[in-house]
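Chemist:
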Amino acid sequence: GESVGLHLPTLSVQEGDNSIINCAYSNSASDYFIWYKQESGKGPQFIIDIRSNMDKRQGQRVTVLLNKTVKHLSLQIAATQPGDSAVYFCAEKWNYGQNFVFGPGTRLSVLP
Amino acid sequence: NAGVTQTPKFQVLKTGQSMTLQCAQDMNHNSMYWYRQDPGMGLRLIYYSASEGTTDKGEVPNGYNVSRLNKREFSLRLESAAPSQTSVYFCASRIRGRTEAFFGQGTRLTVV
């Protein structure tokens, strides 16, 4: 079946650098794409979403880019901080659906 | 404002035992979800409830049952636990029409 996946399972970045976490999707019928952050021992926490008719959306220190041509989603974190260390999941919501399909996650480690 | 509360936080069961995982939200959300998270994998949907009085199967419903007791509470029952059900279980809720889901802290279940 169609699913959401990630290119890189782990990512290490220096504190202060920018981070880019990637995600590939295959369901063209998805109407929203969402990024979640999960810290150790906690439940996932919503970061930002993007509607399928957009190609870029910015939040506080984060930017999500959507490339529908190649079915690719990315999360950019500016000036990465130690508190950004976590597992990041992308998820997609199928059009008119009530549920979400999650990717396997990328672990972001911020090096001092 | 507690958000989404799950009980218990930890549980060890013997194969064949039954138990119910409890979830309650105080945000007046319509939709509620049960996910399981296994090492190295994303969250997989077990069951969801789009509104009070309705429940639907997700990706991995076998071996589970759910009850949407009222708008606040959504429970997950394992009738006869199996080692394959060893996992971390997350409950989530959201307002219909929005993508942001709020997750509980999780229940770590071990079946021996």
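Chains as they are written, first to last, in the numbering used here: chain A, 7 to 118; chain B, 3 to 114. Think of the CB as a built atom: it goes at the ideal place given N, C-alpha and C, for glycine as much as any other residue. Bear in mind that the values here come from a model prediction, so they are computed numbers and not experimental data.
#1: For a contact meaning CB atoms closer than 9 Å, what does K43/A contact in chain B?
#2: Against D61/A, what residues of chain B qualify as contacts under a CB-to-CB distance less than 9 Å, listed in chain order?
#3: Chain B partners of V31/A, CB-CB under 8 Å?
#4: Taking only three categories from DSSP, how would you classify Q87/B?
#5: Kindly confirm or deny that the region 71–81 of chain B and the region 17–24 of chain A touch, where touching means at least three C-beta pairs closer than 8 Å.
#6: Going by beta-carbon coordinates alone, are A103/B and F52/A separated by less than 8 Å?
#7: Within this structure, are the beta carbons of Y42/A and L79/A separated by less than 8 Å?
#8: Contact between the region 83–102 of chain B and the region 31–38 of chain B is defined here as three or more beta-carbon pairs at a separation below 8 Å; is this criterion met?
#9: Of the choices T88/B, T56/B, G18/B, whose alpha-carbon is the least far from that of L71/B?
#10: Distance, Cα to Cα, Q66/A vs G18/B?
#11: So, at 6 Å on beta carbons, what are the nonlocal neighbours of Q24/B in its own chain, with the 5 sequence-adjacent residues on each side left out?
#12: Which residues of chain A have a Cβ atom closer than 7 Å to the Cβ of F92/B, listed in chain order?
#13: Would P88/A pass as an interface residue toward chain B - the criterion being a Cβ-Cβ separation below 8 Å?
#14: Is the separation between the beta-carbon of V68/B and that of S51/B shorter than 8 Å?
#15: What did DSSP end up calling Q24/B once you bin it into helix, strand or coil?
#16: Would you mind telling me which residues of chain A sit closer than 8 Å to S33/B, beta carbon to beta carbon, in chain order?
#17: Considering only C-alpha positions, which residue in the set F108/A, V116/A, A92/A is nearest to T86/A?
Modeler: A quick look at the data gives this:
#1: Residues of chain B with a Cβ closer than 9 Å to the Cβ of K43/A do not exist; the shortest Cβ-Cβ separation is about 11 Å.
#2: Under the 9 Å cutoff, chain B gives no residues; its nearest Cβ is about 17 Å from D61/A.
#3: Reading the sequence as shown, one finds Tyr at residue 31/A and not Val. Ordered by position in chain B, no residue passes the 8 Å Cβ test against Y31/A, which lies about 12 Å from the chain.
#4: helix
#5: no
#6: Contact flag set, yes.
#7: No; because the gap between Cβ atoms is not below 8 Å, this pair is not in contact.
#8: Taking 8 Å as the limit for Cβ pairs, the verdict is that the region 31–38 of chain B does touch the region 83–102 of chain B.
#9: T56/B
#10: 48 Å
#11: Excluding residues within five positions, the ones whose Cβ falls inside 6 Å are T9, S77.
#12: G49
#13: no
#14: yes
#15: strand
#16: Q104
#17: It is V116/A whose Cα lies nearest to the Cα of T86/A.
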